[in-house]
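Notes for the one structure printed next.
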Amino acid sequence: MNFQVTVLKVLVSYPDGFAAMADLKRDMAILATSGRDWAERTKRLAASVPDLDIFSQGLIERMNGGWRITDKGRSVLATMEARPTPAQAMEPAPIRTVEEPTQATTLSPMPSIAPVRRKRDRKRSQRDTVRRRQAGTS
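Numbered according to our numbering, the sequence shown spans residues 818 to 955.
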């Protein structure tokens, strides 16, 4: 879990952006124990702003026994949460070279299923013949 992203997300969830330390700690504890999804989400958001420092960049203010998110903090969070533009989404994936097939990566040819079908058809034919004989004798 990324601590700084979580702080921004918790503070922005409060109507005025201010949370007392007790409330902030409680909300952070809930999110920290909520599972892998939250941890992966905050890491993904933090990756878009690698030099994130909520204190030195003025994204939050310490005041009256709590923290408040600033307008700058709201805009940075909005930037982190923004979906990539169509131009960014359309960037081609890196081209990978194709390896020469090896014994381990090459599949052996499928065995023919013709003998199995012939054997099955023969058994079916024999079964039908026996049934016809039994039907004719009864």
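Built from N, CA and C at the ideal position, the CB exists for glycine as well.
The Cβ neighbour count for valine 947, taken over all protein chains shown within 10 Å, is under 16; the residue is labelled exposed. Less than 8 Å divides the Cβ of leucine 862 from the Cβ of valine 822. With a threshold of 16 other beta carbon atoms within 10 Å, lysine 940 falls short and is exposed.
The shortest CA-to-CA distance from phenylalanine 835 to any of Gln943, Arg944, Gly953, Glu878 is the one to Glu878. Isoleucine 871 is not a Cβ neighbour of leucine 841, given a cutoff of 8 Å.
Per DSSP, reduced to three states, the secondary structure at glycine 953 is helical. In this structure the region 854 to 868 touches the region 885 to 897; the number of beta carbon pairs closer than 8 Å is three or more. In the three-state scheme derived from DSSP, where H, G and I count as helix and E and B as strand, glycine 883 is classed as strand. DSSP, read as helix, strand or coil, puts phenylalanine 820 in helix.
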